[in-house]
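Numbering (this note's numbering), first residue to last: 1 to 63.
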């Protein structure tokens, strides 16, 4: 498993294929081609990207 790039928590739950949720800071994460994409879940259920808050190196995921 990996750490949340936002809060560094390992309290990550799987919610779908390559989709995860951080139970510490309440953001949704998805992994695509070794990069973790971060999203804030809005009140209406839509997702807003948070990727611009992190350097690509911080979002890189290697097994």
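Yeah, the Cβ is synthetic: ideal placement off N, Cα and C, and Gly gets one too. As the structure is a prediction and not an experimental result, all values here were calculated from the model.
The shortest CA-to-CA distance from residue 38 to any of 55, 28, 2 is the one to 28. Assignment of residue 53 by DSSP, reduced to helix, strand and coil, places it in the helix class. If you check the CB distance, residue 15 and residue 1 do not come in under 7 Å. Its Cα nearest to that of residue 30, the residue 17 stands out among 8, 41, 17.
In the displayed model, residue 28 falls within a strand according to three-state DSSP.
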